[in-house]
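Engineer: Provided herewith is a single structure, encoded as structure tokens, for subsequent inquiry.
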Amino acid sequence: MKLNFKKTGSGEPLIILHGLFGSADNWFSIAKELEDEFTLYLVDQRNHGDSPKSEEWNYQVMAEDLNAFMESEGLKEANLLGHSMGGKTVMKFALTFPEKIKKLIVADIAPRYYPIHHETILEGLNAVPIDKIKNRKEADDALSEYINNPGIKQFLLKNLARTESGFKWKMNLPVITKKIENVGEEIKSEKPFEKPTLFMGGENSDYIQDKDKEDIERLFPNHHLIYIKKAGHWLHAEQPQAVVETVRTFLKR
Numbered sequence: 001m002k003l004n005f006k007k008t009g010s011g012e013p014l015i016i017l018h019g020l021f022g023s024a025d026n027w028f029s030i031a032k033e034l035e036d037e038f039t040l041y042l043v044d045q046r047n048h049g050d051s052p053k054s055e056e057w058n059y060q061v062m063a064e065d066l067n068a069f070m071e072s073e074g075l076k077e078a079n080l081l082g083h084s085m086g087g088k089t090v091m092k093f094a095l096t097f098p099e100k101i102k103k104l105i106v107a108d109i110a111p112r113y114y115p116i117h118h119e120t121i122l123e124g125l126n127a128v129p130i131d132k133i134k135n136r137k138e139a140d141d142a143l144s145e146y147i148n149n150p151g152i153k154q155f156l157l158k159n160l161a162r163t164e165s166g167f168k169w170k171m172n173l174p175v176i177t178k179k180i181e182n183v184g185e186e187i188k189s190e191k192p193f194e195k196p197t198l199f200m201g202g203e204n205s206d207y208i209q210d211k212d213k214e215d216i217e218r219l220f221p222n223h224h225l226i227y228i229k230k231a232g233h234w235l236h237a238e239q240p241q242a243v244v245e246t247v248r249t250f251l252k253r
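Shown next, in the form of structure tokens:
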């Protein structure tokens with residue numbers, strides 16, 4: 001599968017993967033801050049953004065997508081950063097293709113299984129009459145019946161794209177809805193990833209808990225865990241400068 005991506009900057013390669021319902025654009029402001037020091041590849045994962053849609057959607061195939069992407073770009077080795085769902089993809093990739101990673105950054109996610117907690121969002125997205133809406137406000141109004149948070153609504157509505165006859169979802173909403181349990185899948189391996197790894201959590205997020213430290217230590221023994229102050233799960237949006245400095249310090253060390 002040929003993934004859509006945006007490339008910017010110059011220097012050592014850094015590939016960034018977004019989370020569920022997201023796209024490469026979510027990390028563009030972070031990339032702009034790092035482009036003087038790194039060549040950044042902002043990638044749309046399958047069933048998201050402008051990348052192809054597929055009925056097959058799990059971390060194994062997303063890791064294989066990333067491997068194919070690196071081969072197509074002639075990247076024998078790169079630094080990887082993944083947030084949330086993207087964090088699980090890069091963990092799976094690191095444990096499968098360790099020789100292709102220089103350093104790994106996992107943003108606000110642990111390897112463990114997570115119970116599905118996106119039911120309201122999916123219900124809201126599926127309630128938007130995508131074939132009938134005439135403008136973005138109508139989509140916003142429909143989504144407001146399920147989601148009150150303006151920031152979450154704005155983030156989700158970035159998936160709206162204009163067509164000749166109206167609007168469509170960029171993401172593959174039917175497959176994501178049907179296979180949402182795959183996002184919570186545990187990342188497992190008999191063999192650990194031993195290269196430098198940074199787990200970067202949000203201080204106000206509950207995604208990386210004390211109970212996760214044993215799994216992190218077992219799978220990523222050469223790791224460092226830090227929490228970004230005054231940040232929740234969307235740490236790159238809430239504390240972008242702190243994230244930039246943390247990423248830069250880790251990769252340059």
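Under UniProt numbering, the first residue of the sequence shown is numbered 1, with each subsequent residue one higher. For glycine and all other residues, C-beta sits at the position ideal for the given N, C-alpha and C. Just so it is clear, the structure is predicted and the values come from calculations on it, not from any experiment.
(1) With respect to the alpha helix (DSSP H) encompassing G124, which residues constitute its N-terminal and C-terminal limits?
(2) Tell me whether Y113 sits in a helix, a strand or coil according to DSSP, three-state version.
(3) Exposed or buried, what is D131 when buried is set at 16 or more other beta-carbons lying within 10 Å of its beta-carbon?
(4) Any chance you could list the alpha helix (DSSP H) runs of at least 4 consecutive residues sitting entirely within the region 208 to 246, in chain order?
(5) Applying the criterion that 16 or more other CB atoms from any shown protein chain within 10 Å of the CB defines a buried residue, is A161 buried or exposed?
(6) Exposed or buried, what is M113 when buried is set at 16 or more other beta-carbons lying within 10 Å of its beta-carbon?
(7) From the DSSP output, in three-state form, read off T197 for me.
(8) Report the start-end ranges of each beta strand (DSSP E) in the region 139 to 190 that is 3 residues or longer and not cut off at the edges.
(9) Assuming L14 and V43 are in contact, meaning their beta carbons sit under 8 Å apart, how far apart are those beta carbons, in whole angstroms?
(10) Who pairs with N79 in a beta bridge, going by DSSP?
(11) Determine the direct distance from the alpha carbon of E190 to that of K53, and round the result to whole angstroms.
(12) What are the complete beta strand (DSSP E) segments, minimum 3 residues, inside the UniProt domain "AB hydrolase-1" (13 to 109)?
(13) Using a Cβ-Cβ cutoff of less than 7 Å, which residues in the same chain neighbour S10 once the five nearest sequence positions on both sides are dropped?
(14) If you count every other CB in all the chains shown that lies within 10 Å of the CB of D210, and 16 or more means buried, which is it?
(15) Answer with buried or exposed for S144, where buried requires no fewer than 16 other C-beta atoms within 10 angstroms of its C-beta.
(16) Can you look up K134 in the DSSP assignment and give me helix, strand or coil?
(17) Between M1, H233 and E33, which has its C-alpha nearest M70's C-alpha?
(18) Closest to D50 by CA distance: which of K158, E73 and R253 is it?
(19) Quickly, what does DSSP pair K2 with across the bridge? List them, please.
(20) On the three-pair Cβ rule with 8 Å, is the region 196 to 210 touching the region 223 to 243?
(21) At the level of alpha carbons, what is the spacing between E185 and N58?
(22) I'd like to know whether the C-beta atoms of V244 and L34 end up nearer to each other than 8 Å.
(23) Tell me whether the beta-carbon of D215 lies closer than 8 Å to the beta-carbon of P111.
(24) Does the region 120 to 128 come close enough to the region 94 to 112 that 3 or more CB-CB pairs lie under 8 Å?
(25) Check this for me: beta carbons of N79 and I176, under 8 Å apart or not?
(26) Kindly confirm or deny that the region 146 to 156 and the region 79 to 95 touch, where touching means at least three C-beta pairs closer than 8 Å.
Structural biologist: Reading off the structure:
(1) Unbroken alpha helix (DSSP H) run through G124: E119 to A127.
(2) Look at Y113 here: in three-state DSSP terms it is coil, with no helix or strand label.
(3) So D131 counts as exposed.
(4) 213 to 219 and 235 to 238, all fully within the region 208 to 246.
(5) Exposed, because fewer than 16 other Cβ atoms sit within 10 Å of the Cβ of A161.
(6) According to the sequence provided, residue 113 is Tyr. The question's Met does not apply to it. Y113 should be labelled exposed.
(7) In this structure, T197 counts as strand in the three-state DSSP scheme.
(8) 160 to 162 and 167 to 169, all fully within the region 139 to 190.
(9) Cβ-Cβ separation between L14 and V43: approximately 11 Å, too far for a contact (criterion under 8 Å).
(10) Paired residues: L14.
(11) For the pair K53 and E190, the Cα-to-Cα distance works out to about 31 Å.
(12) Whole beta strand (DSSP E) segments, 3+ residues: 38 to 43, 78 to 83 and 101 to 107.
(13) Correct list, in chain order: T39.
(14) With fewer than 16 other Cβ atoms from the protein chains shown falling within 10 Å of its own Cβ, D210 counts as exposed.
(15) By the C-beta density criterion, S144 is exposed, having fewer than 16 other C-beta atoms within 10 angstroms.
(16) If DSSP states are grouped into helix, strand and coil, K134 belongs with coil.
(17) The residue among M1, H233 and E33 with its C-alpha nearest the C-alpha of M70 is M1.
(18) It is K158.
(19) Beta-bridge annotation (DSSP): K2 is not paired with any residue.
(20) Yes: at least three Cβ pairs fall under 8 Å.
(21) Looking at the two C-alpha atoms, the distance is approximately 8 Å.
(22) Yes. Within cutoff.
(23) A distance below 8 Å separates the beta carbons of D215 and P111.
(24) These segments do not touch.
(25) I176 is positioned such that its CB atom lies no closer than 8 Å to that of N79.
(26) The answer is no - the region 79 to 95 does not touch the region 146 to 156, with fewer than three Cβ pairs under 8 Å.
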